[in-house]
Amino acid sequence: MKTTSLKSTRRIENKKKKMAALWEISKLNEYDRNLKKKQMSDAENLKLDLIGIEVGPKPKRLRKDSDPSTANIETPPLIGETGPSGKIKLSGEEFASLKKQLREQTIKMRQHPNFRLRDIGDNASLKVDTENRIPLFLSDIQHLILYSQIGVHAPYSPARWCCLEKYNRLLNTNILIIENLSLYHYSSYENNFPFLSSKFQHELEVLAPPSYRGDIIKEISMVPITNTQMKKFINEYGSLESAVTKSEDLFDTVKNLFPIEESILKSDNEYQNALPPSDKFPRTHLLLSGWELVEENYPLPIKGLMQHKYAGYVLTKDKYKEVTPFSPMFGVDCEMCRTSTGDLELTRISIVDEKLNVFYETLVKPDNKIVDYLTRFSGITPKIMKNVTKRLKDVQEELRKKLPPNAILVGQSLSNDMHALKMMHPYIIDTSIIFNITGDRTRKTRLQTLAREFLSEKIQESRKGHCSTEDSSASMKLAQLKLKKSICFGDAVLGGIENEFRTYAELGSRNYATSMLKQVTKLDKSASVTALEDICSTYKYYVDKGTEGQEHNKIKFYQEKTNGDVIKKFCKSVLQQSLNIAHIKVPENQLLTNITQTFKTVDQWVQDIYNHTAAPGLCIVLFGGQKEGGNGGCFIQVKGNY
């Protein structure tokens, strides 16, 4: 008899263990299959149970050799027959039909347009405390309107603050704009808006155009041109200024949050041949736009935030001049220490000019006791601060006097420095934005890395901490280097703009715009504006520049004499176009004498427009705000068809 070796014995034992494990796995798989079948059956019964239907036993299958005439076939229940639980009893074809209906309903719900907020939109929600709420710009609402109509063909996306899914299934988008009503009215008299407050899921604060000398019609109607559009106009007409006079599609428009004196300026195209010797393109192209300032958390003179979040902040000037390609640049850097309040407070500021000479530098004694000098980063020590007496308010006053009214401030993530200074400024170049080596706009590159890669300089290496003069000089050098190269230099995001989806809008000229209504109707869409006579005329101007006798087949204008007539006409014509705007204005005297009835009437108008909206449709109600009475409000709801 042949003896089995130890190695063979182990091999046989391993095979036995594997077979035993395989058997256990097969039993577990069988158990899982049976459990899944039971769960699916329970889920179906639960759906039917929720709507009050009891499922009867499934009919038994007849054997092939059985005689149908003698088979004991159960009689199907009569319509309305109930089971032991008292609920409607179904079986056979009725059960299969109901399952089909439920399946179709589920598919229909998945294909329904859906609107939801992103983080920036959530920050503007009325659910957020006033102190922490950051309003949206009216341009954000405009981007949503455009996207709801032409989707991916829109020049700007609302993706920075919201998401609209299945936009192409919307039958229409209806907007009701009400001037002279503000968020204050809604918050104080919410009981008088029962339909608006209960039906509209998303309630947002919007920066009111009156608070920054803006025009709500222009803000909604005018879409700033993109870089692609700008090149197209220049190639066709020679310059943007020429395109404004010769083309029906281009408008000249300027908007700003700050008190800027209006003046007649040369265009960027005219400046192209009269730039500073070191610049290849206008430095104004590197400035952050208004909503970029908001997105990057720069302090801004926004109504509501000035009383709460930005209490104690001041403007760098009472009046500003228009910025030009010749406006002076100043590199800024601040160092902070942690105080007893837990916040970082200013302890040193350094500002350099374009020649890298120190323009302003001082140490600052915080208003609260320093508990952590953060010497590793700030370079500040108790010895350095021993005899310092200058306070933040002194620095603010000195800077307000020294800075020119068209100064451009340059810095790395300069929003932190502006908060430390508690100052607000309109013209900002942020090196953390104009330079990017990650290819992702949300991932910032450190100043130390940028200086090493682009300037071949080593900074922030001292064990004694950072030097604010060194950092401000590095920021200035980076901005100057970019101006010597091109707007895409050092920016991996702009370098791959054709293939990359970006939150930031494609760079163009913010001083020129095209008509939103014209952009919508270039595709297979139509639009209408129903408004009071003077308001309707303004909308028409932003379409045809006031050209008499010009007709627009896809854009209809309806002029009415009263607010009530506007709503009636709007409801009658709302199904004829894909985009409909109703614009009314509540008289000041009605807000003083009969405010309760006025708000109830407005709420009824909102309900009328919502009821006449085709489903699925997007409804937007916009309160225009008041110059002294508060910001505007935006209420958004997708009307369903299920």
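The letter at position 402 of the sequence shown is residue 1202 when you use the working numbering, and the numbering goes up by one with no holes.
Just so you know, even glycine gets a beta-carbon here, dropped at the ideal spot from N, CA and C.
If you drop the 5 nearest sequence neighbours on each side, which residues of the same chain put their C-beta closer than 6 Å to that of residue i?
i: G1424; result: E979, I1016, G1432
i: L1255; result: K1277
i: L976; result: A1382, I1409, V1421
Where does residue i land, buried or exposed, given buried means 16+ other C-beta within 10 angstroms?
i: M1316; result: buried
i: D919; result: exposed
i: E1095; result: buried
i: D1133; result: buried
i: E1061; result: exposed
i: Y956; result: buried
i: S805; result: exposed
i: Y831; result: exposed
i: A1074; result: exposed
i: H953; result: exposed
i: I825; result: exposed
i: N1411; result: exposed
i: L835; result: exposed
i: N991; result: exposed
i: T1181; result: exposed
Quick check: what's the CA-CA separation for residue i versus residue j?
i: N1389; j: L1087; result: 42 Å
i: A1251; j: V928; result: 39 Å
i: N1216; j: H985; result: 34 Å
i: P1387; j: I1395; result: 11 Å
i: K1032; j: D1079; result: 23 Å
i: A1382; j: P1101; result: 30 Å
i: A820; j: K899; result: 42 Å
i: K1119; j: L1221; result: 19 Å
i: K1284; j: P1226; result: 24 Å
i: N777; j: Y1110; result: One cannot answer for residue 777 here, as it falls past the ends of the chain, which runs 801 to 1442.
i: S897; j: Q911; result: 21 Å
i: F1081; j: T1330; result: 43 Å
i: S1337; j: P913; result: 33 Å
i: E1253; j: N1236; result: 11 Å
i: Q942; j: M1022; result: 9 Å
i: Q949; j: E1360; result: 26 Å
i: L1007; j: C1434; result: 10 Å
i: T1393; j: R1191; result: 49 Å
i: F993; j: L981; result: 12 Å
i: N1206; j: V1438; result: 44 Å
i: E1300; j: T1238; result: Any reading at E1300 must be qualified, since the residue scores a pLDDT of 34, below 50, and its modelled position is unreliable; the value itself is stated next. C-alpha separation (whole angstroms): 13 Å.
i: E1003; j: P935; result: 11 Å
i: P1269; j: E1154; result: A small correction: the amino acid at residue 1269 is Thr; Pro does not occupy that position in the sequence shown. Roughly 13 Å between the two C-alpha positions.
i: K837; j: S998; result: 41 Å
i: P1125; j: I1287; result: 14 Å
i: A1279; j: K1183; result: 34 Å
i: C1419; j: K1372; result: 16 Å
Give the single residue among the options whose Cα lies nearest to the Cα of residue i.
i: L1375; options: S1178, V1366, I1409, R1243; result: I1409
i: T1189; options: T1147, D1153, R1176, A1207; result: T1147
i: K1400; options: Y1358, L996, F1159; result: L996
i: T1084; options: E1122, K1109, K1117, L1115; result: E1122
i: Y989; options: L1422, H1412, V1402, G1417; result: V1402
i: N1356; options: K817, K1325, I825, P1204; result: As written in the sequence, residue 1356 is Lys, which differs from the Asn given in the question. Ranking the options by Cα distance to K1356, first place goes to K1325.
i: S1405; options: K1369, K827, E830; result: In the sequence as displayed, the identity of residue 1405 is Trp instead of Ser. Answer by Cα proximity: K1369.
i: R933; options: F895, E965, E1005; result: E1005
i: G1290; options: E830, D1240, E1145, T930; result: D1240
i: N1380; options: A1327, T1398, Y1358; result: A1327
i: S939; options: K999, K1018, S808, F895; result: K1018
i: I1233; options: M1218, H1219, G1211; result: G1211
i: S1127; options: K1155, P1076, N1097; result: P1076
i: L944; options: Y1098, F915, L983; result: F915
i: L917; options: E965, Q1280, D1365; result: E965
Tell me which same chain residues have a C-beta within less than 7 Å of the C-beta of residue i, skipping the five on either side of it?
i: R1246; result: none
i: G1308; result: For G1308, the predicted structure reports a pLDDT of 49, less than 50, and the residue's modelled location is therefore unreliable. A value from the coordinates is still provided. Answer for G1308: P1024, I1025, T1026, N1027, Q1029, M1030, listed in chain order.
i: P1010; result: G1425, Q1426, K1427
i: A1414; result: L971, N972, L1375
i: L1214; result: V1132, I1228, D1230
i: H1266; result: E1135, F1177, S1178, G1179, Q1260
So does residue i have its beta carbon nearer than 7 Å to some heavy atom of the ligand COA?
i: L1088; result: Here there are no bound small molecules, and the ligand COA is not part of this structure.
Kindly list the residues whose CB is nearer than 8 Å to the CB of residue i, restricted to its own chain and excluding five residues on each side of it in sequence; keep chain order.
i: Y756; result: As displayed, the chain neither begins before 801 nor continues past 1442, which places residue 756 out of reach and without an answer.
i: R833; result: none
i: M1224; result: F1058, Y1098, P1099, L1100, P1101, Y1110, Y1113, V1114, L1115, T1116, M1218
(message) If contact is defined by three or more beta carbon pairs under 8 Å, each pair taking one atom from either stretch, is the stretch 1352 to 1366 in contact with the stretch 1319 to 1329?
(response) With a cut-off of 8 Å, the stretch 1352 to 1366 and the stretch 1319 to 1329 count as touching, because enough Cβ pairs lie within range.
(request) Count the C-beta pairs between the stretch 1146 to 1165 and the stretch 1192 to 1202 that are closer than 8 Å, then say yes if the count reaches three, no if not. (result) Result yes; three or more Cβ-Cβ pairs closer than 8 Å.
(request) Decide if the stretch 1168 to 1188 is in contact with the stretch 1126 to 1146; the criterion is three or more beta carbon pairs, one per stretch, under 8 Å apart. (result) In short, these stretches touch, since the Cβ pair count reaches three.
(message) Can you confirm whether the stretch 965 to 973 touches the stretch 1328 to 1345 when touching is taken to mean that 3 or more C-beta pairs between the two stretches lie within less than 8 Å?
(response) No contact exists between the stretch 1328 to 1345 and the stretch 965 to 973.
(message) With three or more beta-carbon pairs closer than 8 Å as the criterion, would you say the stretch 923 to 940 touches the stretch 952 to 965?
(response) Segments in contact, yes.
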